[in-house]
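First the structure, in the form of structure tokens, and then the observations on it.
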Amino acid sequence: TGLEISTDESSALVLGRQQLADRASLVCVDIARGRLNWSDDGRGLVGGRLRRGSKAKIDVIQPGDGVVYTVRRRSLQVNEVWCQDLATGRRRWIWDAPRGQGPKALIETPGLLLVPYGGRLTGCSLSVLARGAGKTLDTLKFPGRRIVDARTVAGAVVVLSDHGQFAFGHLD
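Dropping the structure here:
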């Protein structure tokens with residue numbers, strides 16, 4: 000078991016992840032008031048029905064603008080990106096990632112969510128999602144099978160694959 004903490008400085012909320020044997024739990028604590036805002040047992044029991052088949056190993060937690068994004072691994076090759084309301088924990092949308100390596104990073108821009116991922120059969124890609132709805136707007140492919148790193152640098156998105164190639168995109 001381990002506890003990871005992410006903070007959203009604009010709202011004084013702390014997000015914590017505890018990975019247990021077969022699933023993770025996600026909690027949101029209001030540190031200004033010293034109380035639990037909401038918790039999610041890793042299967043999506045906050046603000047909606049249980050997602051069929053979700054054991055939910057939470058691999059990535061990314062606070063966004065009024066939301067929290069998580070990458071949840073349902074099985075070895077099946078991953079989902081979840082968007083939940085930061086204040087209530089209610090699920091806003093789920094995006095089913097293509098089979099393969101799950102996203103290792105999520106990059107939020109003012110109108111988009113960028114999701115880099117890779118896979119032996121699919122290669123490396125950067126999916127561009129509409130932030131409010133989680134719909135795929137575009138997918139950019141580049142050489143490689145595995146994402147090594149992804150981040151923003153000086154207003155650009157830089158993605159490094161196992162083939163040493165970089166993909167650059169300008170933030171909106």
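This note's numbering applies: residue 0 is where the sequence shown begins, and numbers increase by one.
By construction, the Cβ of each residue, glycine as well, lies at the ideal position given by its N, Cα and C atoms.
Nothing here was measured: the structure is a model prediction, and the numbers come from that model.
Exposure label - residue i; buried when at least 16 CB within 10 Å
i: G172; result: Here the chain covers residues 0 to 171 and nothing more, so residue 172 does not appear.
i: A31; result: exposed
i: A155; result: exposed
i: V193; result: Nothing can be reported for residue 193: it is not among the residues displayed for the chain, which extend from 0 to 171.
Rounded C-alpha distance that separates residue i from residue j
i: V80; j: W37; result: 19 Å
i: L112; j: H162; result: 24 Å
i: G117; j: G101; result: 7 Å
i: V59; j: R89; result: 18 Å
i: D29; j: A86; result: 9 Å
i: K134; j: G143; result: 24 Å
i: T108; j: V114; result: 11 Å
i: F141; j: L35; result: 42 Å
i: S126; j: Q61; result: 16 Å
i: D69; j: D84; result: Looking at the sequence provided, one finds Thr at residue 69 rather than Asp. Using only the alpha carbons, I get a separation of about 11 Å.
Residue i: first and last residue of the uninterrupted beta strand (DSSP E) it sits in
i: D58; result: 56-62
i: T135; result: 135-141
i: V77; result: Here V77 belongs to no beta strand (DSSP E), and DSSP marks it neither H nor E.
i: L111; result: 111-116
i: I146; result: 146-152
i: D95; result: 90-95
Reduced DSSP category for residue i - H, G, I as helix; E, B as strand; rest coil
i: D38; result: As written in the sequence, residue 38 is Ser, which differs from the Asp given in the question. Looking at S38 - three-state DSSP - the assignment turns out to be strand.
i: P102; result: coil
i: L125; result: strand
i: L25; result: strand
i: A155; result: strand
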